[in-house]
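Asks: Mind having a look at this structure? Questions to follow.
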Amino acid sequence: MNAMTKSAADLRRAARDHIRLPRLETPFHDRLMAISEVNDWYNWAGYKAPHSLTDGELEYFAIRSTAALFDISPMVKYHIAGPDAERYLNRLTLRDVRKLGLNRVHYTAWCDDHGHVLDDGTLFRLGEQEFRLCCQERHLPWLVDSAFGFTVDIREETEEIAGLALQGPTSYAVLRDAGFVGAEKLKPFDIATFPHEGGEVTISRTGFTGDLGYELFVPRAKALSLWDRLWAAGETHAIRAIGYGALNQTRIEAGFIVANADFMTAEAALRADRVRMPDEIGLEWLVDPDKPNFNGRRAILDARRNQTLKHILVGLEIEGNISAEHAIVYHRQKHEAGLVTAAIWSPTAKRNIAIASLERPYGSKFTGNLWVEIYALRELKYQKMMKRAKIVPRPFVKLARRTATPPGLK
Amino acid sequence: MTSFDAIVIGAGHNGLAAATRLAKGGRRVLVLEAASEPGGAARGREFAPGFRSAGLAHLVNRLDAEVARDIGLDLKGEEKLLPTTVLDGSGKAITLHGAYGESIDGVSADEAVAFAAMRKKLIFQAGILKRFLRRPPPQIGAISLGDISTLATAGLSLIRRGRSESRDFLRMLLMNVADVTDEYLTDDRLKGLLAFDATLGIHLGPRSPTSLLGLYYRLTGDVAGRTGGQFIPSGGMASVAPAFVRAAEKAGVTIRCATPVGRILADRGRTSGVVLGDGTEILAPIVVSAVHPQTTFLHLVDPAESGTGFVRSVKNVRSYGNVAKLDLALERVPDFTGLPVEARNGRIVLVRSKEQVETAFNPAKYGEFSTDPVMEITLPSLADPSLAAAGGCTLSALVQFAPYRLKAGWEQGKPAFLKIVLDVLERHAPGIGKSILAANLMTPVDIEAEYNLPGGHWHHGELQADQLLVNRPTGAASGYTTPIEGLYLASAGAHPGGGISGLPGWNAARHILSGATA
C-alpha cells in the first residue's frame, strides 16, 4: 500500500504514532523487556522505566545482599564545559565548586533568586573545565539564562548518555570480574574512566542506595554491550535487574530525598507556600555562605537571620510496622504539624521509618510528643491508628561497606 | 588619596541631582563621567562649524520645583511659559498658551470649552498619580507607613470629588489616548497634538491600550507650580547642565570627567566601589548608578553577583527608542506657514490628526520608519544666540517614529529618513531646504552611541504600565535599592522615569540618606 491508497484516517493515525506510544525507551530497553516478568512500568521523565521487573522483595534484597542493576538513563543530564564552567556552576549551585576536585562528584542543589530549591542532583567534575550535572527535572532554560556573562557551553545529554547503577555488596566483585581493572581504587565520590568496546565508560562510586555501589555512563551506542558485560560477570555474584520500587526503599533507608516527592521544586509548585528553601528540606549543609555569590544566597541568609524559615525536614521512627506514607503528623495528637512524604517498614533497620516535612516550630523547637495518624485500608475499611513518632537522625541505615576502600567482595 | 562615602556613576542631571543631595546630606561624593564633559543627555555638542546643539532635550517641562530648590539650582526663566503651536500644513495654526493650553487660539469657541474640560479632567487625574513621584514606589511585601499615607491621600482626594470621579479615574487610567480625545474633542489637529504628546518617546500608537499614560506622565510635570508648563531657561537649554554642575560643586561634590567606570565592585551581595576603565580601584560603601539599569547590571556588575532571575528581568526591560533627533544649522530663522511670530520661541508640533500619529506608528511595529512622520520642533538659537553662527539659526526636532531596530539598518535608512523629514519641513516652511547649512540626524542608534544610552531610549526603558512604579526598572530593583547592598539606581530607568525632572536621582539620594535598606 502506498501513500496514495492509504485512507485519510490511516494517515492521521500514522501521524500521531507518538500518542499511541508516548513513552521513550531507554538504551537498555531491550534487556529490561526480556527480563521483565511482571510488565510493571512507570513514567520516569518521559521514559518507560520499570517499577519492578520480577519481584520487588527479591529486588530489594539484591541491593542489600548481592548486586542490583538499575537503569538510570532517564536521569536528566547536562554537559557543562568552557573556561567559565567552574565559576558558572559556583554561581548556579549551593556548594563551592572550587572545592570539587578533578574526577570527583558532589551532591548539591540549586535555587532561584528567592532561595527556593529548583532541584537537587549530583555534579561530576570530568575535567578542569568540564562537568556533568545530573538531576530529576529539566532545567535547560534556567541553565542557559544563568549563563549570561559566562563563557560556557551547556548541552542536555540525557538521550545520548546511557547510565546504569550497579549497587550492592557484590557490586565491586562484579566490576572486577567484568575486567574493570583499577576499580578497587575508587573511593566514594571518585570518578574514573575505563576502556569499553573501543570507547570509554565513566564509572563513579556513587549511588542512591546508601550501599556499596557504582554508577556507569556510556554513549548510547555502547549501552547494551556494557549491560551484557556486567550481566555475564555478575552471574556468579547473584546480579539482579531491579525497578524503582526496590531502589526507593533503599533510598528512604539512606535518608535521601527525591524532588517532587519529598519537596516540591520551585518551578513545579503552583501554590505559593509549597516552595522550599534548602534549610527547609535538610539541605542547609550544602549552603556555603563563604564562597562567591550564588543564586538565592541573600534570600537564604536573610531567612536564617530573620528566622522566617517555615518548614523543616526530619527523619521519623514510628512505632508499629505499618508504613505511614503520606500520613499527617500531629503534635500532642492534636495540632497538625506536617506530613510524611516517604515511609517504609525498613527490612534492614527492622524499624518503621519515615521522612516528614514539618511546619516549624514543630520539628525545630517542639521535637517531642509527635504522632502520626495512619489510615490503613483493610478490606474496604480504614483502620485508623495514632502512632507515636520520634525524630531520629538520617540515614536510618548506615553501612560500613558503603565507604570501605578497597571495597569488599561480598 | 581622598576617600569618598559615595560614588555616583554618570554626570547626567539625575546623577548630579543625586550627588548634590547626598553631599548636602553630609556625604563626600565623587561623580564619575565617561564623557569629557558632564551633563549626560543634556550635554551640548557642536554639530556643524559654528553651530551647537544643546543636547537631546530641547525644552524643560517637568523639572521638579522641590528638587530645584533643595539642590540649589539657579536656573531662571521659569516664569515665562512657552506656547505650543500645532501646524497641520493648512496654514491655520492652533496655539496653546500658558501651561498646556490654559488659553487656546485657533479653534472654535465650543472646541476651546471642550478642551478646557478635558484639560481639567486630565490634570486632576494626573494629580493623583503625581503623589507617587517624590517617593520610592511602595515595596510589595514591605509596605511602609509612608506608602499607606500616600495611597490613602490619593484615595481620599478621589473620594472627595465624589463617586463618579473615582469611577472615571479607574475607567480612564489604562485607556488609549485616541478614544479619550474622541470623548471630548472634535478638532483633528488638537486630537493629533494630544496623541503626539502621549506617545512621544514611547513605543505605542495613540490607539494602543494604555497610551493615555504617556499624557498623564507629561501632566505630572509642572513648571513653577503650573501643570503641563514648559520653558527654556534664560541662556537656553545649554545652561541646564552647567546649572546642575554648579549646584553639585557648590555642595562640595567632586566631578571627574573622561573617567569611564569599567566595573562595579561586588562581592557576595555587597558593593565596595568601582574599578575604572584604566584599572584604578576607587572604594566607597555606596555606589549610585545614574546610568541605564541594563548597563548597570548587564555590563558593570559581574552577572555572577546577581541572581539568574534578576538578570533575566533586567534583560527583559524593553528599551528600544523610537525617536530621532534632528539638528539643523540654518542661514536664517525659518518661516513656518501660519506660525504666529510670538509663538516662534515655543514648541511647534507638526501633526494633522491622531490618525496620522497612529499611521506613523504602524511601520515602527515592523522595524520600519514612518514615511509620514510627526515631530516637535524648537528653534534653540532664539533663546541662546551663541548656538548659531552670526545671523544664523538652529532648529531642533524630535521626530517619530524611527525604531532603534530598523530592519534595513540605519546606515541605509538614515539618508532616506532624513530626506523624508526635510520634505515635511519644506512643506511647512517653504524655502527652509535652501537655507540649510548642515543637517545632523541622530537615530536611536546614534543616540545610543553618543550618550551611552542603550537602545537610544531617553527614558532608559519604556514608560509603559508594566515598567512603572513597582516595576521600574524591574521588581527587585524598583525602590532605588538593588539586590546588591550599597548599590542604588538613580537614572531615568528608576522611578518615576525620564525627562529633566531630577526626581529619580534626588529620590534615590533621599532614600539612601534615610538609612532605609529596602
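Which chain is which? The protein sequence lines are U and R, in order.
Its first residue numbered 1, the first sequence is counted upward by one per residue in this note's numbering.
Its first residue numbered 1001, the second sequence is counted upward by one per residue in this note's numbering.
Using N, Cα and C, we set each Cβ at its ideal position, and we do this for glycine too.
1. Name the chain R residues that come within less than 9 Å of U/PHE148, Cβ to Cβ?
2. Check whether the region 283-297 of chain U and the region 1262-1277 of chain R touch, using three or more Cβ-Cβ pairs below 8 Å as the test.
3. Restricting to Cα atoms, I'd like to know which of R/ARG1027, R/GLY1236, R/LEU1330, R/LEU1453 is closest to R/ALA1438.
4. Looking only at its chain, what residues have a beta carbon closer than 6 Å to the beta carbon of U/LEU102, apart from the 5 residues adjacent to it on each side?
5. At which residue ranges does the region 47-102 of chain U contain complete beta strand (DSSP E) runs of 3 or more residues, listed in the order of the chain?
6. So, for R/GLY1413: in the same chain, excluding its five sequence neighbours on each side, which residues have a beta-carbon less than 7 Å away from its beta-carbon?
7. What did DSSP end up calling U/HIS196 once you bin it into helix, strand or coil?
8. Is it buried or exposed for R/ILE1007, if we count other Cβ within 10 angstroms and need 16 for buried?
9. Can you list, in chain order, the residues of its chain whose CB lies under 7 Å from that of R/PHE1231, leaving out five sequence neighbours each side?
10. Grab me the residues of R/SER1234's own chain with a C-beta within less than 6 Å of its C-beta, minus the 5 sequence neighbours each way, in chain order.
11. Decide if R/SER1103 is buried, meaning its Cβ has at least 16 other Cβ atoms within 10 Å, or exposed.
12. Quick one: which chain B residues come within Cβ less than 9 Å of R/GLY1269?
13. Check each residue of the region 75-104 of chain U: if its Cβ is closer than 7 Å to any Cβ of chain R, include it; give the result in chain order.
14. Looking only at its own chain, which residues have a Cβ that is under 6 Å from the Cβ of U/LEU283, when we skip the five neighbours before and after it?
15. Where does the unbroken alpha helix (DSSP H) through U/GLN249 begin, and where does it stop?
16. So, does the CB of R/ARG1476 fall closer than 9 Å to a CB anywhere in chain U?
17. Can you tell which of U/ASP279, U/ASN260, U/PRO278 has its C-alpha closest to the C-alpha of U/LEU270?
18. Does any residue of chain R have a CB that is nearer than 9 Å to the CB of U/PRO289?
19. Give the interface partners of R/PRO1483 over in chain U, defined as CB-CB distance under 9 Å, in chain order.
20. Hey, is U/ASP412's beta-carbon within less than 9 Å of any beta-carbon in chain R?
21. For chain U, find out if any of its Cβ atoms is closer than 9 Å to the Cβ of R/ALA1284; answer yes or no.
22. Can you list, in chain order, the stretches of the alpha helix (DSSP H) that have 4 or more residues and sit fully within the region 1055-1095 of chain R?
23. Which value, in whole angstroms, describes the spacing of the CA atoms of R/TRP1410 and R/ALA1402?
24. Leaving out five residues before and five after R/GLY1346 in sequence, what residues of the same chain have Cβ atoms less than 7 Å from its Cβ?
25. From R/ALA1518 to R/ILE1512, what does the alpha carbon distance come to, in whole angstroms?
26. Where DSSP assigns a beta bridge to R/GLU1046, which residues make up the other side?
27. Are the CB atoms of U/TYR107 and U/LEU409 nearer to each other than 9 Å?
28. Against chain R, does U/ASP153 count as a neighbour if the rule is that its beta carbon must be under 9 Å from one of theirs?
29. Skipping 5 residues on each side, what residues in its chain have a beta carbon closer than 8 Å to that of U/TRP41?
30. List, in order along the chain, the chain R residues whose C-beta lies closer than 7 Å to that of U/TRP142?
31. What does U/ASP145 reach in chain R if we use C-beta pairs closer than 9 Å?
32. In this structure, how does DSSP classify U/MET1 when only helix, strand and coil are distinguished?
33. Taking only beta-carbon atoms, is R/ALA1465 less than 9 Å away from chain U?
34. Do U/LEU69 and U/ASP211 have their beta-carbon atoms positioned less than 9 Å apart in this structure?
35. So, R/THR1337 versus R/PRO1430, is the Cβ gap smaller than 9 Å?
36. Nearest chain U C-beta to R/ALA1023 closer than 9 Å, yes or no?
Replies: Taking the definition as stated:
1. Taking a Cβ-Cβ threshold of 9 Å, the residues of chain R close to U/PHE148 are LEU1298, PRO1303, THR1308, VAL1311, ARG1312, LYS1315, in chain order.
2. yes
3. R/LEU1330
4. ARG125
5. 47-52, 67-71, 76-81
6. PHE1369, LEU1406
7. Residue state, collapsed to three classes: strand.
8. buried
9. Once the five neighbours on either side are set aside, the close Cβ partners of R/PHE1231 are VAL1060, GLY1077, GLU1078, LYS1080, LEU1081, LEU1082, VAL1223.
10. Only residues of its own chain outside the window of five on either side were considered, and among them LYS1076, GLY1077 have a CB closer than 6 Å to the CB of R/SER1234, listed in chain order.
11. exposed
12. Judged by its chain identifiers, the structure shown contains no chain B, and its protein chains are U and R.
13. ARG87, ARG91
14. Same-chain partners within the cutoff: ALA109.
15. 244-254
16. Sequence check: residue 1476 of chain R is Ala here, not Arg. With 9 Å as the cut-off, R/ALA1476 counts as an interface residue toward chain U.
17. U/ASN260
18. yes
19. ASP113, ARG298
20. Here chain U covers residues 1 to 410 and nothing more, so residue 412 of chain U does not appear.
21. no
22. 1065-1071
23. Roughly 9 Å between the two C-alpha positions.
24. LEU1082, PRO1083, THR1084, THR1085
25. Because R/ALA1518 sits at a pLDDT of 48, beneath the cut-off of 50, its placement in the model cannot be relied upon, and the following sentence gives the value as read from the coordinates. Each residue's CA atom was taken as its position, placing R/ALA1518 and R/ILE1512 some 10 Å apart.
26. R/ARG1052
27. It is not a contact, given that the beta carbons lie outside the stated cut-off.
28. no
29. ARG23, LYS48, ALA49, PRO50, HIS51
30. THR1308
31. Within chain R, the residues near U/ASP145 are THR1308, GLY1309, VAL1311, ARG1312, LYS1315.
32. Caution applies to U/MET1, whose pLDDT of 44 falls short of 50 and renders its modelled position unreliable; the model cannot decide the point.
33. no
34. No, the Cβ-Cβ distance between U/ASP211 and U/LEU69 is not below 9 Å.
35. yes
36. no
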